[in-house]
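Chains as they are written, first to last, in this note's numbering: chain A, 21 to 177; chain B, 21 to 177.
By construction, the Cβ of each residue, glycine as well, lies at the ideal position given by its N, Cα and C atoms.
Below you'll find the structure, written out as structure tokens, and then a few comments.
There are 2 protein chains.
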Amino acid sequence: MKAVPTHGIDLDVLENTLSFYIRVMDSQVSRNLDQRLDRLEVARGKGKITALFLIDGNPGIRPSVLAELILKDRSATGRILDSFEAHGLIERRDSAKDNRALECFITPKGAALAAKVRAIVVDQSTAFFDRIIPRDEQTVLMGILKRAYHRLREVEA
Amino acid sequence: MKAVPTHGIDLDVLENTLSFYIRVMDSQVSRNLDQRLDRLEVARGKGKITALFLIDGNPGIRPSVLAELILKDRSATGRILDSFEAHGLIERRDSAKDNRALECFITPKGAALAAKVRAIVVDQSTAFFDRIIPRDEQTVLMGILKRAYHRLREVEA
DNA sequence: GCGTGATAGTTGTAAAAGTCCATCAATTTT
DNA sequence: AAAATTGATGGACTTTTACAACTATCACGC
Chain A
21 MKAVPTHGID
31 LDVLENTLSF
41 YIRVMDSQVS
51 RNLDQRLDRL
61 EVARGKGKIT
71 ALFLIDGNPG
81 IRPSVLAELI
91 LKDRSATGRI
101 LDSFEAHGLI
111 ERRDSAKDNR
121 ALECFITPKG
131 AALAAKVRAI
141 VVDQSTAFFD
151 RIIPRDEQTV
161 LMGILKRAYH
171 RLREVEA
Chain B
21 MKAVPTHGID
31 LDVLENTLSF
41 YIRVMDSQVS
51 RNLDQRLDRL
61 EVARGKGKIT
71 ALFLIDGNPG
81 IRPSVLAELI
91 LKDRSATGRI
101 LDSFEAHGLI
111 ERRDSAKDNR
121 ALECFITPKG
131 AALAAKVRAI
141 VVDQSTAFFD
151 RIIPRDEQTV
161 LMGILKRAYH
171 RLREVEA
């Protein structure tokens with residue numbers, strides 16, 4: 021990528037639009053993360069990593085609950101689970117309580133992947149933001165976004 | 021969407037990972053924005069709005085410069101310009117100085133769309149974040165992200 | 001118990017984005 | 001003048017994502 025100074029370029033109203041910065045940050049951090057996760061079954065897309073962790077940390081979690089937590093519809097979630105299962109990362113078993121429902125369980129292979137991804141994700145986020153945001157500001161940022169995240173869930177409900 | 025409380029759900033390391041919150045915020049704000057922009061030629065995808073504004077505000081800007089600014093490769097940028105041109109929003113003319121290059125110019129129709137989109141984008145961002153982040157925190161957030169954005173460009177270069 | 005409506009999950013489809021690579025023309029460098 | 005670089009386009013491919021249709025099951029009220 022070439023050096024194109026941002027000073028002097030007129031970004032119009034985007035200059036003062038929060039959503040613009042969120043969107044740019046996302047695309048860059050996501051691209052960077054995908055490179056780190058290359059070949060790891062969870063690269064690309066926003067929900068795969070969260071889904072893997074949730075299944076790892078909440079044995080028996082159901083696809084529909086998962087869908088709401090990763091903010092996707094059931095069909096998209098189902099396809100993620102299909103690919104997880106095809107790669108031997110999880111198992112879907114019929115629920116004893118509700119014959120419509122399934123329950124997701126991590127496999128040893130899935131747990132191993134989760135451990136690996138855990139390390140990568142944390143490391144990547146730290147490395148990425150350390151280059152562009154001072155540590156004290158990162159703390160502030162995290163606080164604001166964390167509260168916003170929880171409020172988002174309340175509001176959406 | 022149903023009420024699924026986030027309290028009590030274990031998000032694993034994501035709980036303290038900045039990239040996670042950035043990614044979630046992005047997906048929500050982008051989805052919300054797309055709904056607002058429905059049918060407007062610039063919905064979906066991250067670069068279209070920025071590209072339109074840049075062409076509007078910088079007459080004669082070249083596709084390759086545009087590509088670097090919207091953080092896409094030339095091929096993807098070209099396709100955005102194709103669709104803009106097909107919809108009569110811009111014109112690409114041969115550059116007088118460099119016969120390889122093109123120069124992009126907004127059309128009246130494109131300028132009208134830019135004006136409309138400008139209003140929507142600002143309004144949407146404000147409305148979206150007002151629901152989940154107090155105004156004073158929004159100011160702080162904007163400052164941090166703005167600095168991060170410019171540093172990102174310096175670092176990437 | 002039975003019907004209505006909601007819920008769980010799958011499948012199909014369609015649209016679109018992003019990336020990679022090859023190609024071609026024009027320009028700059030040495 | 002040859003080589004390397006840059007600007008732009010085109011094709012192919014992978015993935016994501018949303019939307020709607022469909023089956024099966026459950027829950028509630030009467």
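| Check | Outcome |
| --- | --- |
| Going along the chain, which unbroken runs of the alpha helix (DSSP H) with 4 or more residues stay wholly within the segment 80-125 of chain B? | 83-89 and 94-106 |
| Does valine 62(B) come out as helix, strand or coil in the three-state DSSP assignment? | coil |
| Alpha carbon to alpha carbon, what distance is there between tyrosine 41(B) and isoleucine 126(A)? | 24 Å |
| Under 9 Å Cβ-Cβ, which residues of chain B neighbour valine 62(A)? | By Cβ distance, chain B contributes nothing, its closest Cβ being about 13 Å from valine 62(A), past 9 Å. |
| With distances taken Cα to Cα, identify the nearest neighbour of arginine 56(A) among Asp150(A), Gln158(A), Phe104(A) and Val137(A). | Val137(A) |
| In chain A, what lies closer than 7 Å to glutamate 157(B) by C-beta? | Ile164 |
| List, in order along the chain, the chain B residues whose C-beta lies closer than 9 Å to that of aspartate 54(A)? | Correct list: empty, because the minimum Cβ distance to chain B is about 11 Å. |
| Exposed or buried, which one is alanine 121(A) when buried takes at least 16 other CB atoms within 10 Å? | exposed |
| Which residues, in order along the segment 65-93 of chain B, keep a beta-carbon less than 8 Å from a beta-carbon of chain A? | Lys66, Ile69, Thr70, Phe73, Leu74, Asp76, Gly77, Asn78, Val85, Glu88, Leu89 and Leu91 |
| Below 8 Å between beta carbons: does that hold for glycine 80(A) and glutamate 35(A)? | no |
| Just to make sure I have the definition right: I need the residues of chain A whose C-beta is within less than 7 Å of the C-beta of isoleucine 152(B). Which are they? | Ala168, Arg171, Leu172 and Val175 |
| Which chain A residues sit within Cβ distance under 8 Å of arginine 43(B)? | Asp46, Val49, Ser50 and Lys66 |
| For proline 154(B), which option in Val175(A), Ala168(A) and Ser50(A) has the closest C-alpha, if you only look at C-alpha atoms? | Ala168(A) |
| From the beta carbon of isoleucine 95(A), is the nearest beta carbon of chain B less than 8 Å away? | In the sequence as displayed, the identity of residue 95(A) is serine instead of isoleucine. Chain B, which has no Cβ nearer than 8 Å to the Cβ of serine 95(A), makes this no. |
| What's the C-alpha gap between valine 141(A) and leucine 53(A)? | 7 Å |
| Along the chain, where does the alpha helix (DSSP H) that runs through aspartate 143(B) open and close? | 128-150 |
| Tell me the residue span of the alpha helix (DSSP H) that contains leucine 53(B). | 38-56 |
| Going by other Cβ atoms of all chains shown within 10 Å of its Cβ, with 16 needed for buried, is threonine 70(A) buried or exposed? | buried |
| Verify the CB distance criterion: does arginine 138(A) have a CB-CB separation below 8 Å to chain B? | yes |
| Can you give the Cα-Cα distance for glutamate 111(A) and alanine 135(A), rounded to whole angstroms? | 18 Å |
| By how many angstroms is the C-alpha of proline 128(A) removed from the C-alpha of glycine 108(B)? | 56 Å |
| With distances taken between CB atoms, is the gap from serine 145(A) to serine 39(B) smaller than 8 Å? | yes |
| Between serine 103(B) and arginine 43(A), is the Cβ-Cβ spacing less than 8 Å? | no |
| Which of the three DSSP states, helix, strand or coil, is assigned to glycine 77(A)? | helix |
| Could you check whether serine 47(A) and lysine 66(B) sit closer than 8 Å to each other, using their CB atoms as the reference points? | yes |
| Please tell me whether phenylalanine 125(A) has its Cβ less than 8 Å away from any Cβ of chain B. | no |
| Would you mind giving the Cβ-Cβ distance between leucine 89(A) and isoleucine 29(B), rounded to the nearest angstrom? I have them listed as a contact below 8 Å. | 7 Å |
| Got a sec? Which residues, its chain only, sit under 8 Å from valine 62(B) by beta carbon, not counting five neighbours each side? | Lys68, Ile69, Leu72, Leu133 and Val137 |
| Tell me, to the nearest whole angstrom, how far the beta carbon of valine 160(B) is from that of valine 175(A); I am working on the premise that it is less than 8 Å. | Wrong, their Cβ atoms sit about 21 Å apart, outside the cutoff. |
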